[in-house]
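Enquirer:
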Amino acid sequence: MKWDWGAVADFMPHFWDGLLVTLQALALGSLISFALGLVWALLMRTPTRWVRWPVGVVTEFIRNTPLLVQLFFLFYVLPEWNITFSALTTGVFAIGLHYSTYTMQVYRAGIEAVPVGQWEAATALNLPLRRTWTAVILPQAIRRVVPALGNYVISMLKDTPLLMAITVLEMLGQARLFSQEHFQFTEPLTVIGVAFILISYPASLLLRALERRLVR
Amino acid sequence: MTSGLWELVLKGVWVTVQLLFLSALLATGVSFVVGIARTHRLWIVRFLAGFYTEVFRGTSALIMIFWVFFVLPPAFGWQLVPLWAGTLALGLTYGAYGAEIVRGALGAVDPAQREGGVALNFTPWQRMRKILLPQAVPEMIPPFSNLLIELLKGTALVSVMGMGDLTFSASLVRLALQESAEIFTYVLLIYFVIAFLLTRGMRRLERDLKAGLGQGPTRPSRFSLKRDTAGLSASTTTGTAGVGAGVGGDS
């Protein structure tokens with residue numbers, strides 16, 4: 001096994017470009033998944049089953065099918081319906097949508113963990129439904145779920161390489177491009193593998209610390 | 001779609017199922033070996049097992065697949081058949097997640113059970129095999145079931161390497177038909193059906209294992225009343241943490 005530091009040095013400029021795209025996709029994907037997940041979770045609490053049932057089926061379907069196929073679906077099928085986005089936008093949306101079905105469960109657990117007394121107090125104070133949610137329930141629910149949401153951000157980070165399959169040049173895409181041009185596979189792939197560990201391991205330690213602080 | 005194209009899709013399903021079965025087998029083996037190693041009394045064994053878990057959970061499964069396909073052959077001079085390369089990459093990655101499940105379930109067994117084993121002069125291995133594992137395994141089934149679904153979704157990644165699984169066959173059919181919506185809808189539905197069957201199977205397995213322990217619904221409720229309330233309060237306090245600690249989320 002021979003290791004060429006020269007190749008690593010040549011790859012580094014591409015690596016930083018890729019890292020930037022990865023972090024961009026991660027940040028936007030997280031935002032979409034946080035927002036959409038909350039929407040799903042709230043819809044699942046509506047009183048009519050005509051809303052709950054379709055939302056349940058759709059999210060269950062998205063959660064149980066591969067992100068890669070969903071990426072292909074959005075990337076190839078949307079243009080057929082004359083909706084065109086850039087590859088990165090499509091990818092961000094697919095990741096956000098996929099993970100929203102996970103964050104939805106997190107929010108659900110968080111909302112259910114708010115003590116019943118809080119609901120009763122809101123009723124006793126005659127708070128309107130909107131204010132009950134925004135001022136009483138959600139602030140307490142979201143505080144509890146921050147660590148769990150953070151865990152999904154880390155999972156999302158580890159799924160961003162899939163965007164390579166729809167031509168986005170994030171870290172793995174850059175590594176593959178570089179490998180094909182220079183016929184050096186070992187160095188770029190190892191560099192990004194190590195980069196992923198260097199990002200996700202400290203992030204998970206940070207989350208563990210955060211979890212201790214936020215969830216009592 | 002013509003019958004020839006359907007045949008292609010069915011071949012893809014078969015490859016996906018094979019890959020799922022083999023990598024699930026490898027991942028289960030890795031989970032138990034590494035998970036049990038993390039409870040070993042020598043710190044070096046615990047450290048190595050922990051190191052393995054963090055490395056394989058820290059990187060992306062797709063990068064592992066690239067690594068196994070492109071870096072292993074020149075580095076060690078052997079080339080793997082694609083099916084085995086995919087199995088190796090997926091099994092090792094998801095095994096690392098599974099190891100955390102095994103460790104968690106072993107840690108959740110009442111300490112008095114272990115102490116009882118010590119008092120009865122069981123060897124560490126006997127304690128593990130006869131006392132800890134039989135109680136821990138049923139608790140592992142729900143998280144393992146989630147992990148199995150994640151693994152099923154992970155098998156789609158090998159199509160990037162040109163392995164003829166279900167996702168790859170979808171890309172071929174797409175090229176043949178020059179039309180994407182239909183085939184991708186079918187493929188998503190097929191994945192969903194497989195996932196549904198797996199979930200059902202795992203639920204059944206859990207019920208059988210719990211019944212074997214005398215837990216489960218077969219037991220008269222007046223005996224399990226106390227434990228049920230205890231379990232309920234525990235699940236509400238750890239509710240939010242439990243969700244993320246499931247499968248893909250934890251890291």
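Each protein sequence line maps, in turn, to chains A and B. Residues 1 to 216 in the UniProt record's numbering are what the first sequence spells out, letter by letter. Residues 1 to 251 in the UniProt record's numbering are what the second sequence spells out, letter by letter. Built from N, CA and C at the ideal position, the CB exists for glycine as well. Bear in mind the structure is a predicted one, so any value in this text is a computation, not a measurement.
1. Does any residue of chain A bring its CB to less than 8 Å from the CB of Val15 of chain B?
2. Reducing DSSP to helix, strand and coil, say where Leu120 of chain B ends up.
3. With H, G and I counted as helix, E and B as strand and the rest as coil, what does DSSP make of Ala41 of chain A?
4. Using a beta-carbon distance cut-off of less than 8 Å, what residues from the region 67 to 88 of chain B approach chain A?
5. Can the beta-carbon of Ile147 of chain B be found closer than 8 Å to that of Ile194 of chain B?
6. Between the region 56 to 67 of chain A and the region 138 to 155 of chain A, do three or more beta carbon pairs fall short of 8 Å?
7. Rounded to whole angstroms, what is the Cα-Cα separation between Glu179 of chain B and Val33 of chain B?
8. Determine the DSSP secondary structure at Pro188 of chain A, reduced to helix, strand or coil.
9. List the residues of chain A whose Cβ lies closer than 9 Å to the Cβ of Ile63 of chain B, in chain order.
10. Give me the chain B residues within the contact set of Ala165 of chain A, using Cβ-Cβ distance strictly less than 9 Å, ordered along the chain.
11. Shortest alpha-carbon distance to Met44 of chain A belongs to which of A:Leu205, A:Leu210, A:Val57?
12. Using a Cβ-Cβ cut-off of 8 Å, state whether Glu181 of chain A counts as contacting chain B.
13. Please classify Lys130 of chain B as buried or exposed, where buried requires at least 16 neighbouring CB atoms within 10 angstroms.
14. Comparing alpha-carbon positions, which option in A:Arg130, A:Asn126, A:Arg208, A:Phe178 lies nearest Trp16 of chain A?
15. Note down, in chain order, each residue of its chain lying with its Cβ closer than 6 Å to the Cβ of residue 217 of chain A, except the 5 sequence neighbours on either side.
16. Consider the Cβ of Ser180 of chain B: report whether some Cβ of chain A lies at a distance smaller than 8 Å.
17. Comparing C-alpha positions only, which one of B:Gln135, B:Thr59, B:Arg204 sits nearest to Ser204 of chain A?
18. Apart from the five residues on each side of it in sequence, which residues of its chain come closer than 8 Å, Cβ to Cβ, to Ala25 of chain A?
19. Touching or not, the region 101 to 116 of chain B and the region 160 to 168 of chain B, by the rule of three or more beta carbon pairs under 8 Å?
20. For a contact meaning CB atoms closer than 9 Å, what does Ser86 of chain A contact in chain B?
21. Between which two residues does the alpha helix (DSSP H) containing Gln140 of chain A stretch?
22. Val77 of chain A versus chain B: which residues are under 7 Å apart at the beta carbon?
Expert: On the basis of the supplied data:
1. The residue labelled residue 15 of chain B in the question sits at position 15 within the second sequence. It does not: the Cβ of Val15 of chain B has no partner Cβ on chain A nearer than 8 Å.
2. Counted from its first residue, the second sequence places residue 120 of chain B at position 120. It is coil, neither helix nor strand.
3. In the first sequence, the residue the question calls residue 41 of chain A occupies position 41. In this structure, Ala41 of chain A counts as helix in the three-state DSSP scheme.
4. Trp67, Phe70, Val71, Pro74, Ala75, Phe76
5. Working through the second sequence from its first residue, we reach residue 147 of chain B at position 147. Working through the second sequence from its first residue, we reach residue 194 of chain B at position 194. The sequence shown places Leu at residue 147 of chain B, not Ile. Not in contact: Leu147 of chain B and Ile194 of chain B (Cβ atoms no closer than 8 Å).
6. The region 56 to 67 of chain A makes no contact with the region 138 to 155 of chain A, as fewer than three CB pairs between them are under 8 Å.
7. For the purposes of this step, residue 179 of chain B is identified with residue 179 of the second sequence, where counting begins at 1. For the purposes of this step, residue 33 of chain B is identified with residue 33 of the second sequence, where counting begins at 1. So the two alpha carbons sit approximately 46 Å from each other.
8. Along the first sequence, one-based indexing puts residue 188 of chain A at 188. Looking at Pro188 of chain A - three-state DSSP - the assignment turns out to be helix.
9. Mapped onto the second sequence, residue 63 of chain B falls at position 63. Chain A residues near Ile63 of chain B: Lys158, Pro161, Met171, Leu172, Ala175, Leu189, Ile192, Gly193, Phe196.
10. Taking the first sequence and counting its residues from 1, one reaches residue 165 of chain A at position 165. Simply Leu62, Leu157, Ser159, Val160.
11. Indexing the first sequence from 1 puts residue 44 of chain A at position 44. The candidate whose alpha carbon is nearest that of Met44 of chain A is A:Val57.
12. Translated into positions along the first sequence, residue 181 of chain A becomes position 181. Chain B contact via Cβ: absent.
13. Your numbering for residue 130 of chain B matches position 130 in the second sequence. Lys130 of chain B is exposed by the Cβ-count criterion.
14. For the purposes of this step, residue 16 of chain A is identified with residue 16 of the first sequence, where counting begins at 1. It is A:Phe178.
15. Coverage of chain A is limited to positions 1 through 216, which leaves residue 217 of chain A absent and any answer about it impossible.
16. As a working mapping, residue 180 of chain B is identified with position 180 in the second sequence. Output row for Ser180 of chain B: interface = yes.
17. Within the first sequence, residue 204 of chain A is the residue found at index 204, counting from 1. Minimum Cα distance to Ser204 of chain A is reached at B:Thr59.
18. Position 25 of the first sequence, counted from the first residue, corresponds to residue 25 of chain A. Here the set comprises Leu88, Gly91, Val92, Ile95, Thr160, Leu163, Val168, Glu170.
19. no
20. Taking the first sequence and counting its residues from 1, one reaches residue 86 of chain A at position 86. Going along chain B, no residue has its Cβ under 9 Å from Ser86 of chain A, so there is no contact; the nearest lies around 18 Å.
21. Reading the first sequence from its first residue, position 140 is the one you call residue 140 of chain A. Where Gln140 of chain A is concerned, the enclosing alpha helix (DSSP H) stretches over 138 to 159.
22. Walking along the first sequence from the start, residue 77 of chain A turns up at place 77. Chain B residues near Val77 of chain A: Ser180, Ala181, Phe184.
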